[in-house]
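What follows is a single structure, written as structure tokens, with notes after it.
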Amino acid sequence: MRRFVTLTALFLFGWSGLVTAADKSLEIGYMPIIPISQAFIVLENNALESAGVSDPKLFQFQNGPAIVQALLAGQLDIAYLGIGPAMVARAKGADIKVVASNIVEQISMVALGSLSPYFDNGDANTAFTRFKADKGRNAVISTFPRGSVPETVLQYWLQNQLGMSRDEIKQNIDIIYQGAAQVQQALMTEAVDGAAILEPVVSIISDRKSDAKVVASGSGMFPHQPGAVLVVRESLINEHPELVKALVKAHIAATEQLRDDPEEAVKSVGKYVGGGRLPAKIVLNALKNSRDQFEANPNAIIDGTRTMHDFQAAQGTLKVKVDLEALFDVRFYNDLVKE
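Put into structure tokens, the structure is as follows:
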């Protein structure tokens, strides 16, 4: 459990009247991954106590679907999770709103030495079938659970970019579903041939496995793909709109820092990712790899979210149609930009 204390004047200039929500306690869910780095900067610069939050409670999760379960159980007021799980949570009845984006085009396909040569030599569209023909087995690929952003992007890449049918995927690839720590361990021990994963795992594996290679990433996997988002409960919006606005304001400032000065963010981010044990150079590399993808504007991901929604519905991972207009609340971001 951690406490939020006063944020710098840079973030909260003009927000001195926010103490009206004094002693409000919040439950905040997050994953220890680079795509939600804004959360870690806000945590360490301590935005919410100035907005009247006396003792926020932090809950760490290894994947988005686990956060969905917590949201459905009414256990979180604020969460940083993938847009895919956010849609699932909303579809299942969670009263959440996306108030800010964190990042776009965040997923990379990392292949180890057994698989990467098939992308270096020959048509990438036939890499997996050629791998099976040579090795006599399916390629084993790890990613997050079904319905997560990494899993959705992996399937989109295989089907829409490489042109593989669902039957071809089943015949040539064994996909296993794991949390972030488990994906990293599977890659390190070579229990898998590759993974559709995000930072900091990409930077960790690239640093420690000389034969690891990013064979696809960003727009090459899913153009304009929405990634992690900041969601809050509607009840919090209705009861404490100024608190939510302060959070979004700090989120925007954190995004600007990540894009403009990732070196300054290393200490804050490094405290949360990798159990706080990652070398600073790995954290910095992961931030630099992601700097152009950090995006706070929720308006910028609505079209991509619609594409992902339709794809997930066709895949069967999104069972109920989501009202995307009801999922997003962009007024806080829009008002802050006008100011």
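Read left to right, the sequence shown gives residues -21 to -1, 1 to 318 (mature numbering (1 follows the signal peptide of the UniProt record, and there is no 0)). Ideal Cβ positions, reconstructed from N, Cα and C, are used throughout, including at glycine. Values in this document were obtained by computation on a predicted structure and should not be read as measured data.
query: Among the residues of its own chain, which have a CB less than 6 Å from the CB of A106, if the five just before and after it don't count?; result: Y97, F98
query: Give me the Cβ distance between L51 and A68, rounded to the nearest whole Å; I'm assuming they're in contact under 8 Å.; result: 6 Å
query: Is F311 helix, strand or coil by DSSP?; result: helix
query: Nearest to K250 by alpha carbon, out of D239, R238, D240, L263?; result: L263
query: Quick check on DSSP: helix, strand or coil for G206?; result: coil
query: What are the boundary residues of the alpha helix (DSSP H) that includes F290?; result: 281 to 294
query: Please list, in chain order, all residues of the same chain as G101 whose beta carbon is under 7 Å from its beta carbon, the five residues on each side excluded.; result: R109
query: Nearest-angstrom Cα distance between V210 and Y9?; result: 11 Å
query: Check for me: the beta strand (DSSP E) holding G8 runs from which residue to which?; result: 6 to 9
query: Thinking C-alpha only, which one of V208, P129, G53, G197 is nearest T296?; result: P129
query: Could you tell me the alpha carbon to alpha carbon distance between F311 and H219, rounded to whole angstroms?; result: 12 Å
query: Can you check the stretch 196 to 280 for any alpha helix (DSSP H) of at least 4 residues that lies completely inside it and give the ranges in chain order?; result: 213 to 218, 220 to 239, 241 to 249, 259 to 269
query: Could you pull the DSSP bridge partners for Y135 from this structure?; result: For Y135, which the question treats as bridged, DSSP gives no partner whatsoever.
query: Less than 8 Å between the C-beta atoms of A279 and S127, yes or no?; result: no
query: Checking 8 Å against the spacing of the C-beta atoms, do S269 and I13 come in under that value?; result: yes
query: What three-state label does DSSP hand F98 in the structure shown?; result: helix
query: Tell me the rounded alpha-carbon separation between Q163 and Q138.; result: 25 Å
query: Where do the ends of the beta strand (DSSP E) carrying A26 lie?; result: Where A26 is concerned, there is no enclosing beta strand (DSSP E), given that its DSSP letter is neither H nor E.
query: Touching or not, the stretch 31 to 47 and the stretch 165 to 173, by the rule of three or more beta carbon pairs under 8 Å?; result: no
query: Counting Cβ pairs, one atom from each stretch, are 3 or more of them under 8 Å apart for the stretch 141 to 157 and the stretch 196 to 212?; result: no
query: Quick one: complete beta strand (DSSP E) runs, 3+ long, within the stretch 152 to 185?; result: 152 to 156, 173 to 176
query: Since Q236 contacts A244 with CB under 8 Å, what's their CB separation in whole angstroms?; result: 6 Å
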